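Enquirer: Okay, handing you the structure first.
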Amino acid sequence: MVLFDRPLERASSDCFSAYGGAVDQRSEGAIHAARAGAVAALVRSMTMRLDDFPHTGSMRYSPDVERIPAAAISTRAADELAARLARGESVRLALQLGCRWHPDATSHNVIGELRGSELPDEIVVVGGHLDAWDVGQGAHDDGAGCVHALEAVRLIRARGLRPRRTIRVVFFMNEENGTRGAAGYFDAHRGELERHVLALESDAGGFTPRGFSTDAGPEALAALEEIAALLEPASAASVRPGWGGVDIAPLARAGVPLVGFRPDDERYFDVHHSDRDVLEAVHPRELALGAGAIAGLLYVVADLPDALPRNPGDAR
Ligand SMILES: [Zn+2]
Numbered sequence: 474m475v476l477f478d479r480p481l482e483r484a485s486s487d488c489f490s491a492y493g494g495a496v497d498q499r500s501e502g503a504i505h506a507a508r509a510g511a512v513a514a515l516v517r518s519m520t521m522r523l524d525d526f527p528h529t530g531s532m533r534y535s536p537d538v539e540r541i542p543a544a545a546i547s548t549r550a551a552d553e554l555a556a557r558l559a560r561g562e563s564v565r566l567a568l569q570l571g572c573r574w575h576p577d578a579t580s581h582n583v584i585g586e587l588r589g590s591e592l593p594d595e596i597v598v599v600g601g602h603l604d605a606w607d608v609g610q611g612a613h614d615d616g617a618g619c620v621h622a623l624e625a626v627r628l629i630r631a632r633g634l635r636p637r638r639t640i641r642v643v644f645f646m647n648e649e650n651g652t653r654g655a656a657g658y659f660d661a662h663r664g665e666l667e668r669h670v671l672a673l674e675s676d677a678g679g680f681t682p683r684g685f686s687t688d689a690g691p692e693a694l695a696a697l698e699e700i701a702a703l704l705e706p707a708s709a710a711s712v713r714p715g716w717g718g719v720d721i722a723p724l725a726r727a728g729v730p731l732v733g734f735r736p737d738d739e740r741y742f743d744v745h746h747s748d749r750d751v752l753e754a755v756h757p758r759e760l761a762l763g764a765g766a767i768a769g770l771l772y773v774v775a776d777l778p779d780a781l782p783r784n785p786g787d788a789r
């Protein structure tokens, strides 16, 4: 058995970078371990927290290598194993896993709209993903994102507002295990993608807002910065170039500018994909601030006299 025990880099500028720098052990560990002749791969959980909760997540195999079992172990278990091995102890470990592939089954994205008053065929998408891993409840990942999207539109309606363009709430299915919902949305709405003016995803937890990241070009970025400046009261005035979201990513091919909601990420990987990701871990006021920030951005973008400039997209 091979133990992958490289911790998240604590000196990283943000926790998502630290996660991104370590997650190859989980996603590809079984491939490298099998190549080295191992019968199983064990992976230190993708969190900086030291505790007894294993964190699951996607992994893959390679067609040219034997498919060996792989399992995440808690950070404390990894430390303990590594310490014993470092002392030269002979460690015996039995692995019993109950996971297996079931046949594919039909599922659905869930979609609702606030129809635009003047330009209802022009669409601003806002969403999160409806599926979650089997451990925990998926409260932050991504119940919070779904609630952000739904609550943002409720807030706009509660103020008696109706923007020029349509705001479409999409709860994407199957983000964690194949992103079929994202692909399904792209296919089903191919004919109207040139009328999608923006897509925003919340999939980084229900924590205190920090702002947004976007792949928008310079002109749209400048416009988004101006809009976000209005969101200072919700601590969401910052917009920086970066990632939109897994579920909205396919829309970039059609030139739709993508925006990711960016909350404080210091505690996200404490709970991510583990039994810690439960409703009690979501702070109601932090969640509400996020929904307020998203509502502000959505409303202004959906009500602009001229739509935001699009990205080039690609021909595929
Ligand atoms: Zn997620």
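Everything in the sequence shown is counted per the numbering used here, starting at 474 for the first residue and increasing by one. Built from N, CA and C at the ideal position, the CB exists for glycine as well. As the structure is a computational prediction, the values presented were derived from the model and not from experiment.
(1) Hey, out of Gly589, Leu476, Gln610 and Gln498, whose CA is closest to His746's CA?
(2) Check each candidate in Asp688, Gly493, Arg653 and Arg683 and name the one with the smallest Cα separation from Leu704.
(3) Mind listing which residues have their beta carbon within less than 5 Å of any non-hydrogen atom of ligand 2? Chain order is fine.
(4) Give the DSSP bridge partners of Thr687, in chain order.
(5) Which partner residues of Ala495 appear in the DSSP bridge assignment?
(6) Looking at the structure shown, is His575 part of a helix, part of a strand, or coil, going by DSSP?
(7) Out of curiosity, what's the CA-to-CA distance linking Pro542 and Ala605?
(8) As a quick exercise: from Gly589, Ala545, His528 and Val564, pick the residue whose alpha carbon is nearest that of Val774.
(9) Determine the burial state of Thr422: buried for a count of at least 16 other Cβ atoms within 10 Å of its Cβ, exposed for fewer.
(10) So what does DSSP say about Leu515, is it helix, strand or coil?
(11) Output the boundary residues of the beta strand (DSSP E) element that contains Asp594.
(12) Which whole runs of the alpha helix (DSSP H) in the segment 751 to 783 are 4 residues long or more, in chain order?
(13) Looking at the strands, I want to know which residues DSSP matches up with Ile640.
(14) Would you mind working out which of Val643, Ala559, Ser486 and Arg573 sits nearest Gly618, comparing C-alpha positions?
(15) Taking the DSSP output, what are the residues bridged to Ala559?
(16) Start and end of the alpha helix (DSSP H) containing Ile546?
(17) Quick check: Asn582 and Gly654, are their CB atoms within less than 8 Å of each other?
(18) As an exercise, report each continuous beta strand (DSSP E) stretch of at least 3 residues that is fully enclosed by the segment 604 to 671, in chain order.
(19) So, using beta-carbon positions, are Val598 and Ala672 closer together than 8 Å?
(20) Skipping 5 residues on each side, what residues in its chain have a beta carbon closer than 6 Å to that of Ala768?
(21) Taking Val620 as the reference, give the member of Phe734, Gly571 and Glu692 with the closest Cα.
(22) From this set, Ala545, Ala506 and Val729, which residue's C-alpha is nearest Asp748's C-alpha?
(23) For Val475, which residues from the same chain have a beta carbon less than 6 Å from its beta carbon, with the 5 sequence-adjacent residues on both sides left out?
(24) Take Pro778 and list the residues in its own chain whose beta-carbon comes closer than 7 Å to its own, dropping the five residues that flank it on each side.
(25) Buried or exposed, going by whether 16 or more other CB atoms sit within 10 Å of the CB of Ala556?
(26) Please name the residue or residues paired with Pro682 in a DSSP beta bridge.
(27) Report buried or exposed for Arg638, applying the criterion of at least 16 other Cβ atoms within 10 angstroms of its Cβ.
Expert: To lay it out plainly:
(1) Gln610
(2) Arg683
(3) In terms of ligand content, the structure shown lacks ligand 2 and carries ligand 1 instead.
(4) Pro714 and Val732
(5) DSSP lists no partner for Ala495.
(6) coil
(7) 22 Å
(8) Gly589
(9) As shown, the chain starts at 474 and ends at 789. That puts residue 422 outside it, with no answer to give.
(10) It is a strand residue.
(11) Leu592 to His602
(12) 757 to 776
(13) Leu587 and Val597
(14) Val643
(15) According to DSSP, Ala559 bridges with nothing at all.
(16) No alpha helix (DSSP H) contains Ile546, which is instead part of the beta strand (DSSP E) from Ala543 to Ile546.
(17) yes
(18) 638 to 645
(19) yes
(20) Ala625, Leu628 and Ile629
(21) Cα-wise, what sits closest to Val620 is Phe734.
(22) Ala545
(23) Within its own chain, the residues whose Cβ lies closer than 6 Å to the Cβ of Val475, once the five positions on either side in sequence are excluded, are Ala506, Ala511 and Ala514, listed in chain order.
(24) none
(25) So Ala556 ends up on the exposed side.
(26) Pro736
(27) buried
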